[in-house]
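Working notes, structure below.
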Amino acid sequence: MTDAPFAVEVKILDPRIRDWGMPAYQTSGAAALDLFACIDAPLEIAPQAPAVLIPSGLAFYMGDRSCAALVLPRSGLGHKKGLVMGNSVGLIDADYTGQVFISTWNRNPEGSAPIRIEPGERIAQLMFVPVLRAALDVVEDFSTQTERGAGGFGSTGTGGAA
């Protein structure tokens, strides 16, 4: 396995990022870069309110359609405060070169305190992933049968000890 970086072009759309520092991997084993909230004033997101799009201040050009980027919640903000992605996971296709927006949602129950986001706060993370593009081959029957077959939700049991 190599630690050679995959080159991605980044366009800084919000000059404040230069003051906050470019998104970076926070540890040597980190899988994703943190994204900042490029907002002009603190923002409060009410519990269970519709998701809010927050600009990241960045645009990317991956230059390779076998790559995509995923916008994911920061685990601490999701677990401790309830701030998650409004669309679960944001997908940035290789041919999208516009600003990346972060769909944020306060999953806490109604009546809870709003979540306050400050300008420049690290609120999400961006992970680059490989993409396999399938060529679909229409068939009447699959070429191989599996042990599971068409068994769906719960078909392999509930887990745990019997």
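Counting from 35, one number per residue, gives the positions in the sequence shown under the numbering used here. Positions of the beta carbon are idealized from the N, C-alpha and C atoms, including for glycine. What you are looking at is a predicted structure, and each value in this text was computed from that prediction instead of being measured.
Mapping DSSP to helix, strand and coil, what is residue i?
i	result
ILE51	helix
SER62	coil
SER109	helix
Are the beta-carbon atoms of residue i and residue j separated by less than 7 angstroms?
i	j	result
ALA103	ILE126	yes
PRO148	ILE73	no
PRO76	LEU67	no
LEU160	LEU69	yes
ALA197	GLY110	Any question about residue 197 goes unanswered here, given that the chain covers just 35 to 196.
CYS101	PHE176	no
Determine the closest residue to residue i out of the options, with distance taken between C-alpha atoms.
i	options	result
ALA128	ASN121, GLU152, PHE135, PRO164	PRO164
ILE136	PRO39, LYS45, LEU87	LEU87
PHE94	ASN142, GLY185, LYS114, VAL44	VAL44
ALA41	GLY97, PRO81, GLY110	GLY97
GLY145	GLN82, LEU92, PRO49, THR192	GLN82
GLY55	LEU92, PRO39, ALA168	LEU92
Residues in its own chain within less than 8 angstroms of residue i by CB, not counting five upstream and five downstream?
i	result
THR190	ARG182
GLU78	PRO148, ILE149, ARG150, ILE151
VAL123	LEU104, VAL105, LEU106
Which same chain residues, not among the five before or five after residue i, have their C-beta less than 6 angstroms away from its C-beta?
i	result
GLY112	VAL118
Quick one: does the C-beta of residue i sit closer than 6 angstroms to a heavy atom of the ligand PLP?
i	result
GLY183	Here there are no bound small molecules, and the ligand PLP is not part of this structure.
Since I believe residue j is in contact with residue i (beta carbons under 8 angstroms), could you give me their beta-carbon distance rounded to a whole number of angstroms?
i	j	result
GLU155	ALA71	5 angstroms
For residue i, I'd like the list of residues in its chain whose CB is within less than 7 angstroms of its CB, leaving aside the five on either flank, ordered along the chain.
i	result
SER90	LEU69, PHE70, CYS72, GLN133, VAL134, PHE135, ILE136
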